[in-house]
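Q: Going by the UniProt record's numbering, the first residue of the sequence shown is number 1, and it counts up by one from there.
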Amino acid sequence: MSVSSEVRKAGPFLGNGTAASFPFGFKVFEADDVKVVQADAGGVETTLTPGVDYSVTLNPEQESAPGGSVVLNIPLPIGERLAITSSMANLQPITLTNQGGFYPEIINAGLDRLTILVQQIAEQIGRAIKVNISSSQDPAELVNSLFASADQAASNAATAVTAANAAAGSAAAAADSERHASESAASAGQSATSAAADAASIHGSVEAAAGHAASAASSAASAAGSAEIANKKATEAAASAGSAMDSKTAAANSAAAAASSEQHAGESAASAARSENHAAESARQAAESAATANVPIDAHEAKPDPHPQYATDTELSALSQSLSDSVQGAISIAQSKVATVNGVGPDAGGNVTINLPSYSKATWVYKTTTAGNVRLDVVGNWGHGAYLIYGGSDATRYHVLFTLTKSSLMINPPSGGGFATGNMLNWGGPYEVYKLE
């Protein structure tokens, strides 16, 4: 008899729900020497009971074919495991007596038993936690350390699960925020499109208002020209009465008042050019005023006598009255031109107060520090619209409005004098130019 293999365990076998017979290949003396352990899916082990949970069939010849098979009463379930080993008692049942029989079979069986006991211990030690032979570490401390590490690992795993759940929540919140952001972006795009359409509409309205303002300014300029013609005719009438000095002086003063009224008319035209809300009405009234200005004033003119002779006192008095009427008519015409700029009549002094339009932005476009005149070609180089020149010294500040179209420059008031030469600004610095919007 002998033990030719160091193997003392069979398995573990994994259940499939149908298999019930499992082999083992190590030597035992009896069926009761076999130990069967079953573990569930969670790793919890149960030592099965022979005759109740399983039966053992040993091979007939344990020397040449050691081992046998274990047959479960119920097939091993899916996911569960089965291990087979021996569990011989740590006993030595052989007794040798003095002068008794010495049988080799009994001696071999005893030695085989001792070998099997050693293999059982070796199998158990093989599953134990061990330290190196040269280590000074206490195995018990190692076990405690391992359990502590396991507990810490479990805690870390729980923390990781919590963090993962929090991350999942954050990801969901981020996805929701992204969805809201996408919806907000779509809404912003629609608002931008609407704003662009509104801006285009406003731009068209501003261009139309600028056109009406330019027309009103042109009509006002025509009215001022008619007033100047009336003034000229009054002056000619005064010159023809060389002996009526007092009447001539009165006529000159009246003409000066008419010129002042013309200046107010020009300023009103400048205000009309900047008044977007009243531009259309101003253009209409300016046109009517221009028509009124074209009415001949021959009724007030002193017609030359084809047969000159010395004037009598009565004739001089009549001529003086005629001059006075002519000058008064010129003043009335000039005041009429002021009133037709925007429908507002002059006060007792011939002045008209007009509210300026409300601009939301003034953009700086040019600046010069030169004291002398600076000529600028602005038509075609600057955008069309309303512009404001602001200049002079602290003691003598001035500001003048002018408008640009695609092909012309309009200085307001029209009597800009040397402020413009053709389509070029000709202005004395220093000054700055702002575009009004």
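Yeah, the Cβ is synthetic: ideal placement off N, Cα and C, and Gly gets one too. Note that the structure is predicted; figures quoted are calculated from it, not measured.
Taking buried to mean at least 16 other C-beta atoms within 10 Å of its own C-beta, is Glu105 buried or exposed?
A: Exposed, by the Cβ-count rule.
Q: From this set, Val3, Leu425, Pro430 and Leu401, which residue's C-alpha is nearest Ile116's C-alpha?
A: When only C-alpha atoms are compared, the closest one is Val3.
Q: With a 10 Å radius around its C-beta and 16 neighbouring C-beta atoms as the bar for buried, classify Ile78 as buried or exposed.
A: So Ile78 ends up on the exposed side.
Q: Could you check what DSSP says for Val143 in three-state terms: helix, strand or coil?
A: DSSP places Val143 in helix when its eight states are reduced to three.
Q: Which residue spans inside the segment 25 to 92 form an unbroken beta strand (DSSP E) run of at least 3?
A: For the segment 25 to 92, whole beta strand (DSSP E) runs of length 3 or above, ordered along the chain, are 34 to 39, 45 to 47, 54 to 58, 68 to 72 and 81 to 86.
Q: Can you give me the Cβ contacts of Asn73 inside the same chain, cut-off strictly under 7 Å, excluding the 5 residues immediately before and after it?
A: Correct list, in chain order: Asp53 and Tyr54.
Q: Taking the beta carbon of Gln120 as the centre, do at least 16 other beta carbons fall within 10 Å, making it buried, or is it exposed?
A: Result: buried.
Q: From the DSSP output, which residues share a beta bridge with Arg8?
A: Answer is none; Arg8 lacks a bridge partner.
Q: Who are the near neighbours of Val143 in its chain, counting only those whose CB is closer than 7 Å to its CB and skipping five residues on each side?
A: Only Ile129 meet the Cβ criterion.
Q: Take Glu30 as the anchor and find which of Gly67, Asn16 and Ala39 has the nearest alpha-carbon.
A: Answer by Cα proximity: Gly67.
Q: Grouping DSSP H, G and I as helix and E and B as strand, with all else coil, what is Ser289?
A: Here Ser289 scores only 48 on pLDDT, less than 50, and its place in the model should not be relied on; the value that follows carries that caveat. Of the three classes helix, strand and coil, the one that applies to Ser289 here is helix, per DSSP.
Q: Pairing CB atoms from the segment 89 to 106 with CB atoms from the segment 129 to 140, are three or more of them under 8 Å?
A: Segments in contact, no.
Q: Does the beta-carbon of Leu142, which I'm using as the reference point, lie nearer than 7 Å to any heavy atom of the ligand ATP?
A: Ligands are entirely absent from the displayed structure, and the ligand ATP is therefore not among its contents.
Q: Using three-state DSSP, classify Asp151 as helix, strand or coil.
A: Three-state result, Asp151: helix.
Q: Mind checking which residues open and close the alpha helix (DSSP H) that includes Arg113?
A: That run of the alpha helix (DSSP H) goes Pro104 to Gly126.
Q: Check for me: the beta strand (DSSP E) holding Ala386 runs from which residue to which?
A: From DSSP, the beta strand (DSSP E) with Ala386 extends over Gly385 to Gly392.
Q: Cβ of Tyr431 within 8 Å of Cβ of Thr363?
A: Result no, Cβ atoms of Tyr431 and Thr363 do not sit closer than 8 Å.
Q: Report the three-state DSSP secondary structure of Gly428 (helix, strand or coil).
A: It is a strand residue.
Q: Using DSSP's beta-bridge definition, name the partner residues of Asn373.
A: Gly428.
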